[in-house]
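Notes follow once the structure below has been shown.
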Amino acid sequence: MLGDAFDLRTYTRQLGRSSTITVWIALLCLILFGLLRYDNFGSTYNIGSFLNYNSMFILISVGMCFVIMTGGIDLSVGSVAAFASVVAALLSPHGLWVALPGGILAGMAFGAVNAFIILVMRVPPFMATLATMLAAKGCALVLSGKQTVSVSWESNFTTLGMSSAFGILPWTILVTAIVVVAAWIVLEKTSLGRTVLAVGGSPDAAHLMGLKTGRAIAFVYLFSGACAGLAGVFLASGYGAGQPLEGVGWELAAIASVVVGGTLLTGGLGSIPATVAGALLFGLVFNILNFENGRGTISLSAYWQSVIRGGLLLLVILLQARVQSLGVRSKTS
13 MLGDAFDLRT
23 YTRQLGRSST
33 ITVWIALLCL
43 ILFGLLRYDN
53 FGSTYNIGSF
63 LNYNSMFILI
73 SVGMCFVIMT
83 GGIDLSVGSV
93 AAFASVVAAL
103 LSPHGLWVAL
113 PGGILAGMAF
123 GAVNAFIILV
133 MRVPPFMATL
143 ATMLAAKGCA
153 LVLSGKQTVS
163 VSWESNFTTL
173 GMSSAFGILP
183 WTILVTAIVV
193 VAAWIVLEKT
203 SLGRTVLAVG
213 GSPDAAHLMG
223 LKTGRAIAFV
233 YLFSGACAGL
243 AGVFLASGYG
253 AGQPLEGVGW
263 ELAAIASVVV
273 GGTLLTGGLG
283 SIPATVAGAL
293 LFGLVFNILN
303 FENGRGTISL
313 SAYWQSVIRG
323 GLLLLVILLQ
333 ARVQSLGVRS
343 KTS
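To convert a position in the sequence shown, counted from 1, into my numbering, add 12.
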């Protein structure tokens, strides 16, 4: 029995590695396709604007990855990002160093509420984060008066979203890269990261081993909230306004990126670099569609992006389920 469990766990890891390789190959193929087909695809402007815009989705995807690795889910990230953008915009007259932590703390507050409801009140993550999703959206609308909130252009708040570090790399990209590297270090090099994976693999076994499962679960929801809060700050700083109606569907985009990156929805397995690749892959698909629209080859509205995202996500989930099913049957036969 123990040998079968070990074999299945080894097989699951192999599945995760193959999924990780696949998403990187797909991303590379799309990049090569774009470079060969479009004249301005590799321009500094396109690369910078692409990474700048998708930095928000990378952030919430990295936070979502930690949550899903524990076997949970966080449906509130889109609404939390919208709420954080409003908070940051309202704090922007006081400058970047007040609005930035203010937006992050606003996101972490909802992350703390999620953790409390899940750990203390024993509510399943789906229902808990669904409730906070609605609450965050309502708070954003109440705080903003149902209108976009303009940021202060006299302070240095817009520097984060509209300027570059040392005149080379946009601040949003640099900050996102720092968060990604820090998340990778936590997952791969610390006991907390190993506990996160253990909770997703088997919560009961992790508890019997004496691991601090509650601390790990609280961490992932706090971290997810912080990432959503930072994405909200990027939104307000980059677009000049806190937007309470923004963030619709962001949680689905994050889940899609995580799953395409090879993280199992059942938990216990995940990769930060592959999650980033998944987020970039989705963003690149839409970037290529925009180029095709510009060439007049096709004419697809923005609504087709959701259709394509949903189709790709369904395909990946079906493939994961199929391969896992074949693996389980081969180990038990």
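Every residue gets a Cβ at the ideal spot worked out from N, C-alpha and C, and that includes glycine. All figures in this text were calculated on a predicted structure; none of them were measured in a lab.
Cβ-Cβ separation, residue j to residue i (assumed contact under 8 Å), whole Å
i	j	result
N126	G237	7 Å
L247	E258	6 Å
C77	I284	6 Å
A111	L103	4 Å
V98	L40	About 38 Å separates the two Cβ atoms, so there is no contact after all.
A253	T160	4 Å
L47	L296	Not confirmed; about 11 Å, so no contact.
V74	A195	5 Å
F122	A100	Rounded, the Cβ-Cβ distance is 14 Å, inconsistent with contact.
G115	A94	With 8 Å as the limit, G115 and A94 do not qualify as a contact, their Cβ atoms being about 11 Å apart.
F231	L204	6 Å
G157	G244	Not confirmed; about 17 Å, so no contact.
G274	S318	Between S318 and G274 the Cβ distance is about 22 Å, and since that is not below 8 Å, they are no contact.
I70	V192	7 Å
CB contact flag (residue i, residue j, <7 Å)
i	j	result
A266	I80	no
A240	V89	yes
A179	G279	Reading off the sequence shown, one finds Gly at residue 179, where the question assumed Ala. Result no, Cβ atoms of G179 and G279 do not sit closer than 7 Å.
T414	V272	The requested residue 414 is not part of the displayed model; the chain covers only 13 to 345.
N168	L87	no
T32	A286	yes
S249	L172	yes
L293	A38	yes
P256	S164	no
S91	M174	no
V35	A289	yes
A210	L223	yes
G60	P137	no
L325	A268	yes
F298	Y50	no
Cross-strand partners of residue i (DSSP beta bridge)
i	result
S176	P182
A253	S162
Enclosing alpha helix (DSSP H) for residue i [first to last residue]
i	result
L153	137 to 156
M81	56 to 81
D7	With the chain running from 13 to 345 in the structure shown, residue 7 is simply not present.
L264	262 to 272
G114	108 to 131
G90	89 to 103
Any non-hydrogen atom of the ligand COA closer than 6 Å to residue i Cβ
i	result
D216	The ligand COA is not among the ligands present in this structure, which contains no ligands whatsoever.
Legend entry - Three or more C-beta pairs below 8 Å linking the segment 58 to 69 and the segment 174 to 186: yes
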